[in-house]
């Protein structure tokens, strides 16, 4: 009986691939069919492996970088005798099978790495080959080469198009990885068709430039040519080799071979039948002839190969028992004996020193203390060693091959240095160059090989480049360590391109990835120890550029750091009323805020949570002891806020940054973005609904959903710090202005004199002169309120400036002025005031559609409210319809209150109706409440649902003219009576001071809307036409503002 031909043996792989993909109705048959001959040549004649022991240390490593062709690998493993029965081949791509769609580490015996995202397999293979080279340099002795194997990798055009292949293959050439052999499946096809339109690189020339041996134009279907190419590759020991295999994708398929139709879909029953005929394969699906199976069976050869190595290792162990024991420990992934004691001693030293230093420096100290005891550790950095601080005194760089010595066996070596005796001079530190993705993927390969641990550093911002390799490490349950420094806006002047904002949060989203953001040297030391002790998950260390203060802790607190979150500072002066959670550089802010709150009689607990994942793994009892149920919570971290909602809840607050950074010194940036102790204090008081200053009653209003704005603006108000005090101590959340306010400011504020004198000489137009005088005040007030605007994500922190009253009946002129003023003020938290006249309703809609924040002023009636609400909704609708973002466009509708009573009360007094006087001082409040009811109808239900889903926020009702006009009434009447959700009350400073002194806070606005409607109806029954009165008041208001504006212009003349 004749032995099966090599083509027949390759055809076994082809038909298994066809059949499995067809049965799954999913998969990629083209690549396995095209590379089957290459696989036969390599696996049957070259690769050393033992199917009975897939983890034999000295096996050759095989990586399928083009992992979509997974059925090629599964066919190889099944045919060569691995524990992968035909039933598993039949269950290709099915739930819980051993044959998932792409090869996955841990599912299938014989799979060395998880592949699928193209290009990472070749990068992993580079890491494996480097590991072999480093371990051979460390452990091999004359005549006893216990580490001596090759790494083989299949890759396709897609792998070579991915940038990570460039990063890794460049390094492979630099390091002279002579035992790395790559087979390029040069079939000219990708998913979209023939690659000539998008991949015309000179790939052989590219790899020759890297320093590889390139074997060109090998017929990928000629066994003899393939055998010769493999022999030439194995003969080259100083360079990695690329074998360029000319192949036909889907070879054997009469109608789909050589086309993209065979790439990623089943061939179909008819084409499979035609292919079987063309291949001369008569067997049923999944049936392998006995002689073919016997020819493929590698179990006996594999057992003999491993037995020979075992015999070699016995001799090695007799000659070098300590090295043999070290090799066994390393391949088992165990830590050295005594490491735990060493780590404890190192931590005790850090605690004793109590140093204030950047956590990146604390990380370097931890490396220097721990890594010399770990000869398996290979560190590195992506061209940032001096910034990431990843070097330690005994580190030995992995050198380029031409720098390392005369012979090829010296590649990657340096002369022994210092106390690194165990490593015998092999490299322990990799300068990866500017290759973050390549670094992370090579680290995965180094780790996968066994016998080595890895860490690599870069700026946290550049973790984005490495992202998919980080994810793959977590997916494979590997344990590399990532040192990510320069972790926030604390980076400073380099600006938003380098300032991480969302990166820490997104790393926390990766399953099975521990992320530590330590707050000082002690937590950094603990984090490093935890990372080293990890066996089944990677660790990201998020480290600061700037110095961080040392925090005192008890022994119990130090032990609790390992639990991811713990109480670092308990409340003093009574039981905690709230919990403040912080990480990293913000822990110091939290503790400073705790002291400020204690001085105000508000005790709070501070929790340090350096690792949310580790904290989440703790039992419920621990989590509840740290974050007790029922206590309001605030979190602070210099990054995006969404991830913290899980811990603070919907009623909690997060002090963070939900926008990109700026270029400025770090201290200025923390102040700009409101990452301050004062901001933490304000947020904590906000969730508690208490005042920031003893005796003040303003801040609790916010607990009912209402913002208090100050109806006043002047240069001295800002420059003196008075506005900042109102913000800090009374939770004032905005500022409004109008011509009368500015006229009063100019008349009584000497701070304007120098600027006015200068403007008189350069600006002849009086209106422009006024604007040039006033706009800097608006900008300065915007800057004071900007942290609140950022912290609230645009919900609060606005400053209003009015268009000229002379334009109140000129809609087009008003719109032009609004656009001009918006551009001149150039602050996202500015609002342009437009009157609610009929002529300006269209200007309101158009301005909002432009993305201009609008304060609609001079509304006195329900009719005005309905018209304005419709105009505001229309503006948002237009903007959304144009495909523009609506999430940061804000507006308010200013309903004037006390002036209505000033007009209605005399009518009630004059009425002969006996019940009229009961309505004194009630009609204005009732009218405002009815306007709010209209607001609920317009914006609270389904009518606004579509815009809300697109991110739009409804306009807010703003109560204006809330200063008391009748001295017989309570001076805070129009504040107390209109407190309710999603509203603003803009209050003159005298009224605000009165409310801070004796105001009463309760939700009053919407507790009896039906009763308010009845009051309005009773007034109407008395002949009081509130809509008509509203028109009169609007006309009077316009006239008053015009007169005030004229006086204002005369004052700047």
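Numbering (our numbering), first residue to last: 36 to 1088. Cβ atoms here follow ideal geometry from the backbone N, Cα and C, with glycine treated the same way. Please read these numbers as outputs of a predicted model, since none were measured by experiment.
Fill in: Spatial neighbours of residue 775 in its chain, beta-carbon cut-off 6 angstroms, leaving aside the 5 residues before and after
If you number the chain shown from 1, residue 775 lands on position 740. Spatial neighbours of residue 775 in its own chain (CB-CB distance under 6 angstroms, excluding positions within 5 residues in sequence) are listed in chain order as 1079.
Worksheet item: With contact counted as at least three CB pairs below 8 angstroms, one residue from each stretch, are the segment 518 to 532 and the segment 695 to 706 in contact?
Response: Contact holds: three or more Cβ-Cβ distances are below 8 angstroms.
Worksheet item: If you check the beta carbons only, do residue 522 and residue 535 fall under 8 angstroms apart?
Response: Taking the first residue of the chain shown as position 1, residue 522 is located at position 487. Taking the first residue of the chain shown as position 1, residue 535 is located at position 500. With a cutoff of 8 angstroms on beta-carbon distance, residue 522 and residue 535 are scored as near each other.
Fill in: Straight-line gap, residue 1067 to residue 894 (C-alpha atoms, nearest Å)
Taking the chain shown and counting its residues from 1, one reaches residue 1067 at position 1032. Taking the chain shown and counting its residues from 1, one reaches residue 894 at position 859. Near 11 angstroms, if we compare the C-alpha coordinates of residue 894 and residue 1067.
Practice prompt. Let me know the secondary structure DSSP gives residue 240 once reduced to three states.
Written response: Residue 240 sits at position 205 when you count from the first residue of the chain shown. Secondary structure of residue 240 (DSSP, three-state): helix.
Worksheet item: By how many angstroms is the C-alpha of residue 373 removed from the C-alpha of residue 385?
Response: Numbered from 1 along the chain shown, position 350 holds the residue referred to as residue 385. Numbered from 1 along the chain shown, position 338 holds the residue referred to as residue 373. When the Cα atoms are used, residue 385 and residue 373 turn out to be separated by approximately 19 angstroms.
Worksheet entry | C-alpha gap between residue 491 and residue 750, whole angstroms | Position 456 of the chain shown holds residue 491. Position 715 of the chain shown holds residue 750. The straight-line gap from Cα to Cα measures roughly 53 angstroms.
Item to complete: Label residue 455 either buried or exposed according to how many other C-beta atoms from any shown protein chain fall within 10 Å of its C-beta, with 16 as the threshold for buried.
Response: Against the chain shown, residue 455 aligns to sequence position 420. Since pLDDT at residue 455 reaches only 35, below the 50 mark, its modelled position is unreliable, and the value read off the structure follows with that caveat. The residue in question, residue 455, is buried, as its Cβ has 16 or more Cβ neighbours within 10 Å.
Item to complete: Under 7 angstroms Cβ to Cβ from residue 889, same chain only, skipping five residues before and after it: list those, please.
Response: Looking up residue 889 in the chain shown gives position 854. The answer, listed in chain order, is 866, 867, 869, 879, 882, 883 and 926.
Fill in: Terminal residues of the alpha helix (DSSP H) in which residue 979 lies
Mapped onto the chain shown, residue 979 falls at position 944. Unbroken run through residue 979: none, as it is neither H nor E.
Worksheet item: Whose CA, out of 486, 371 and 397, lies closest to the CA of residue 382?
Response: Counted from its first residue, the chain shown places residue 382 at position 347. For residue 382, the closest alpha carbon among the candidates 486, 371 and 397 is that of 397.
Item to complete: Select from 117, 363 and 583 the residue whose C-alpha is nearest the C-alpha of residue 389.
Response: Counting from 1 along the chain shown, the entry for residue 389 is found at position 354. It is 583 whose Cα lies nearest to the Cα of residue 389.
Discussion item. Quick check: what's the CA-CA separation for residue 946 versus residue 971?
Written reply: In the chain shown, residue 946 corresponds to position 911, counting from 1. In the chain shown, residue 971 corresponds to position 936, counting from 1. Taken atom to atom, the span from the alpha-carbon of residue 946 to that of residue 971 is near 33 angstroms.
Discussion item. Can you tell me whether residue 769 is helix, strand or coil according to DSSP?
Written reply: Within the chain shown, numbered from 1, the residue matching residue 769 stands at position 734. In the structure shown, residue 769 sits in a strand (DSSP, three-state: E or B).
Item to complete: Tell me whether the beta-carbon of residue 533 lies closer than 8 angstroms to the beta-carbon of residue 548.
Response: Within the chain shown, numbered from 1, the residue matching residue 533 stands at position 498. Within the chain shown, numbered from 1, the residue matching residue 548 stands at position 513. Not a contact, by the Cβ cut-off of 8 angstroms.
Worksheet item: For residue 202, does the count of other Cβ atoms within 10 angstroms reach 16, so buried, or fall short, so exposed?
Response: The residue labelled residue 202 in the question sits at position 167 within the chain shown. Classification for residue 202: buried.
Worksheet item: Thinking C-alpha only, which one of 574, 565 and 496 is nearest residue 512?
Response: As a first step, residue 512 must be located in the chain shown, where it is residue number 477. In terms of CA proximity to residue 512, 574 leads the group 574, 565 and 496.
Worksheet entry | Beta-carbon proximity check, residue 47 vs residue 283, cutoff 8 angstroms | For the purposes of this step, residue 47 is taken as residue 12 along the chain shown, with counting starting at 1. For the purposes of this step, residue 283 is taken as residue 248 along the chain shown, with counting starting at 1. Not a contact, by the Cβ cut-off of 8 angstroms.
Discussion item. Rounded to the nearest angstrom, what separates residue 391 and residue 406 at their Cα positions?
Written reply: Working through the chain shown from its first residue, we reach residue 391 at position 356. Working through the chain shown from its first residue, we reach residue 406 at position 371. If I take the Cα positions, the gap works out to 22 angstroms.
Worksheet item: Rounded to the nearest angstrom, how far is the Cβ of residue 614 from that of residue 666, given a contact under 8 angstroms?
Response: Here residue 614 is taken as the residue at index 579 of the chain shown, counted from 1. Here residue 666 is taken as the residue at index 631 of the chain shown, counted from 1. Taking the Cβ atoms as the reference, residue 614 lies roughly 5 angstroms from residue 666, within the contact range of under 8 angstroms.
Discussion item. Taking a contact to mean a Cβ-Cβ separation below 8 angstroms, would you say residue 531 touches residue 696 in this structure?
Written reply: Position 496 of the chain shown holds residue 531. Position 661 of the chain shown holds residue 696. Yes, the Cβ-Cβ distance between residue 531 and residue 696 is below 8 angstroms.
Fill in: Where residue 214 falls, given that 16 or more other Cβ within 10 Å makes a residue buried
Position 179 of the chain shown, counted from the first residue, corresponds to residue 214. With 16 or more other Cβ atoms from the protein chains shown falling within 10 Å of its own Cβ, residue 214 counts as buried.
Fill in: Residue range of the unbroken beta strand (DSSP E) whose run includes residue 890
Residue numbering aside, residue 890 sits at position 855 when the chain shown is read from its first letter. 889 to 894 is the extent of the beta strand (DSSP E) around residue 890.
Discussion item. Between which two residues does the beta strand (DSSP E) holding residue 518 run?
Written reply: Position 483 of the chain shown, counted from the first residue, corresponds to residue 518. Run containing residue 518: 516 to 520, per the beta strand (DSSP E) assignment.
Worksheet item: Who does residue 186 pair with in a DSSP beta bridge?
Response: Within the chain shown, the letter at position 151 stands for residue 186. Looking at the DSSP assignment, residue 186 forms a beta bridge with 96 and 215.
Discussion item. Output needed for residue 52: all residues of its chain with C-beta closer than 7 angstroms, excluding positions within five of it in sequence on either side, in chain order.
Written reply: Position 17 of the chain shown holds residue 52. Within the same chain, residue 52 has close Cβ partners 64, 67, 68, 106, 107 and 110.
Fill in: Stretch pair the segment 790 to 805 + the segment 761 to 773: three plus CB contacts closer than 8 angstroms
No: fewer than three Cβ pairs fall under 8 angstroms.
Worksheet item: So residue 156 and residue 181 are in contact, right, with Cβ under 8 angstroms, and what is the actual spacing, rounded?
Response: Numbered from its first residue, the chain shown carries residue 156 at position 121. Numbered from its first residue, the chain shown carries residue 181 at position 146. Going by Cβ atoms, the distance from residue 156 to residue 181 rounds to 26 angstroms, so no, they are not a contact pair.
Fill in: Under the three-state DSSP convention, the category residue 331 falls into
Start at 1 with the first residue of the chain shown, and residue 331 comes out as number 296. DSSP, reduced to helix, strand and coil, places residue 331 within a helical segment of the structure shown.
Worksheet entry | Spatial neighbours of residue 144 in its chain, beta-carbon cut-off 6 angstroms, leaving aside the 5 residues before and after | Looking up residue 144 in the chain shown gives position 109. The residues 89, 117 and 118, in chain order, have a CB closer than 6 angstroms to that of residue 144 in the same chain once the five nearest residues on each side in sequence are set aside.
Worksheet item: Is it right to say residue 589 is buried, meaning 16 or more other beta carbons lie within 10 angstroms of its own, or is it exposed?
Response: As a first step, residue 589 must be located in the chain shown, where it is residue number 554. By the Cβ neighbour-count rule, residue 589 is exposed, with fewer than 16 other Cβ atoms within 10 Å of its own.
Fill in: Chain-order list of residues whose beta-carbon lies under 7 angstroms from that of residue 432 (same chain, five-residue window excluded)
Here residue 432 is taken as the residue at index 397 of the chain shown, counted from 1. Exclusion of the five residues before and after residue 432 leaves 449, 462, 464 and 466 as the residues of its chain whose Cβ lies within less than 7 angstroms of its Cβ.
Item to complete: Assign residue 224 to one of two classes, buried (16 or more other C-beta atoms within 10 Å of its C-beta) or exposed (fewer than that).
Response: Locating residue 224 in the chain shown gives position 189, counting from the first residue. With 16 or more Cβ atoms within 10 Å of its Cβ, residue 224 is classed as buried.
Worksheet entry | Three-way DSSP call (helix, strand, coil) for residue 567 in this model | Translated into positions along the chain shown, residue 567 becomes position 532. Helix.
Discussion item. Taking only three categories from DSSP, how would you classify residue 920?
Written reply: Working through the chain shown from its first residue, we reach residue 920 at position 885. Three-state DSSP puts residue 920 in coil, outside helix and strand.
Discussion item. Distance check for residue 1031 and residue 729, CA to CA, integer angstroms please.
Written reply: Translated into positions along the chain shown, residue 729 becomes position 694. Translated into positions along the chain shown, residue 1031 becomes position 996. At residue 729 the pLDDT is 45, less than 50, meaning the model places this residue with poor confidence and gives no usable figure here.
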